[in-house]
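Let me begin by presenting the structure, written as structure tokens, before commenting on it.
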């Protein structure tokens, strides 16, 4: 029973800082969701299209259209692009600073197996991260 009294090495957890820009892309009463790949902290959950970078600056429409594959096919259909809010989210191994944008589309077409436009009233049927739950539950 002396083991707990003996010195031992304590592993220090390295915390990673991440900056994520999320895009709430909507067409009428539908929202664009994608299923996350089987890697990462939210593997298998549904997610908004996202860009991860090192900048805390608000992104402009042109940059987002160039960098976000999900939006490129709707390049000429964007009728509203606006920054909505910023959220901080702390996990044991990550500190996330998330920026949320709203994008309204004039028309849509879907052609990806991992991308879905879903009715906003049915969002509770899709498992999302706690960070996205906070966003969806906030007034905006």
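Numbering (the working numbering), first residue to last: 14 to 153. Don't be surprised by glycine CBs; every beta carbon is placed ideally from N, CA and C.
**OP:** Evaluate contact between the region 45-56 and the region 128-142, counting only Cβ atoms and requiring at least three cross-stretch pairs below 8 Å.
**Re:** Output reads yes: the region 128-142 touches the region 45-56.
**OP:** Please go through the same chain and pick out, in chain order, the residues whose beta-carbon is closer than 6 Å to the beta-carbon of residue 110, but skip the five residues on each side of it.
**Re:** Non-local C-beta neighbours of residue 110 in its own chain, meaning closer than 6 Å and more than five positions away in sequence, comprise 32, 101, ordered along the chain.
**OP:** Consult DSSP for residue 41 and reduce its assignment to one of helix, strand or coil.
**Re:** Here residue 41 sits in coil by DSSP.
**OP:** Would you list the one or two residues that DSSP bridges to residue 114?
**Re:** In DSSP, residue 114 forms a bridge with 36, 96.
**OP:** Please state whether DSSP places residue 86 in a helix, a strand or coil.
**Re:** If DSSP states are grouped into helix, strand and coil, residue 86 belongs with coil.
Original post:
Straight-line CA distance for residue 99 to residue 112?
Top reply: So the alpha carbons of these two residues sit roughly 4 Å apart.
Subject >> Outcome for residue 16 when other beta-carbon atoms lying within 10 angstroms are tallied against a minimum of 16 >> reply: A residue is called buried once 16 or more other Cβ atoms fall within 10 Å of its Cβ, and residue 16, having fewer, is exposed.
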